[in-house]
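J.:
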Amino acid sequence: MGEDNNTAMDTSDKKRILAQLKSEFGEIAGAPFDLPLDITTEQLQLICNAILQKEEASVYSFFVDEHEITSSLEETLKGQDVSSEKVLEIIYQPQAVFKVRAVTRCTSSLPGHAEAVISVSFSPDGRYLASGSGDTTVRFWDVNTETPQFKGEIGRASCRERV
Numbered sequence: 813m814g815e816d817n818n819t820a821m822d823t824s825d826k827k828r829i830l831a832q833l834k835s836e837f838g839e840i841a842g843a844p845f846d847l848p849l850d851i852t853t854e855q856l857q858l859i860c861n862a863i864l865q866k867e868e869a870s871v872y873s874f875f876v877d878e879h880e881i882t883s884s885l886e887e888t889l890k891g892q893d894v895s896s897e898k899v900l901e902i903i904y905q906p907q908a909v910f911k912v913r914a915v916t917r918c919t920s921s922l923p924g925h926a927e928a929v930i931s932v933s934f935s936p937d938g939r940y941l942a943s944g945s946g947d948t949t950v951r952f953w954d955v956n957t958e959t960p961q962f963k964g965e966i967g968r969a970s971c972r973e974r975v
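Counting in my numbering, the sequence shown runs from 813 upward without gaps.
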């Protein structure tokens, strides 16, 4: 029981501040709220996304007086005279997130080989494509028209070496 009282005292001894989230355009997000000074950027992300209630969580950078919060609010405020009675404005700025989607359809194909294509190579000017297949053929294609320009047969053992 004594340990529980010490734990409760530890959490109440944490330094706290009244803060307000504001967009980079000056739009206020929610009412001012009480924050512990040791709050991290990850925790600020969760709070910001909860207040903004977006369908999909976003990634944000946070700033106080043009200083980016990179680890914790306390680290950013070191050396600054901050009043616990004044509302601290924390500016949030969305970060670009690039999502890569899998290609789900083929945009073009060059029919002609009877077996799997083993090797391909473009000409230096990019106008032609050479393809070598397990069917022991080499085909040269016009990339713009997607038409075969030449078909040649070579031995199976050397097909991989010559293309």
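Positions of the beta carbon are idealized from the N, C-alpha and C atoms, including for glycine.
Since the model is a prediction, treat every value here as computed from it, not as a measurement.
1. Tell me whether the region 919 to 929 and the region 849 to 867 touch, counting them as touching only if at least three CB pairs, one residue from each stretch, are closer than 8 angstroms.
2. In whole angstroms, what separates the C-alpha of E880 from that of F934?
3. Sort G964, L900 and A869 by Cα distance to Q857 and report the nearest one.
4. What are the start and end residues of the alpha helix (DSSP H) that includes A862?
5. Locate the beta strand (DSSP E) running through L900, then write down its first and last residues.
6. For T819, count the other beta carbons within 10 Å of its own beta carbon; 16 or more makes it buried, fewer makes it exposed. Which is it?
7. One question on the structure: do P960 and G938 come within less than 7 angstroms of each other, judged by their Cβ atoms?
T.: Let's see:
1. The answer is no - the region 849 to 867 does not touch the region 919 to 929, with fewer than three Cβ pairs under 8 angstroms.
2. The alpha-carbon atoms of E880 and F934 are separated by roughly 47 angstroms.
3. If we check each option's Cα against that of Q857, A869 comes out closest.
4. Element bounds for A862: T853 to L864.
5. Start and end: L900 to P906.
6. Bear in mind that a pLDDT of 37 at T819, under 50, signals an unreliable position, so the number given afterwards is only what the model happens to contain. In this structure T819 is exposed. Its beta-carbon is surrounded by fewer than 16 other beta-carbon atoms within 10 angstroms.
7. For the pair P960 and G938, the CB atoms are not nearer than the 7 angstroms cut-off.
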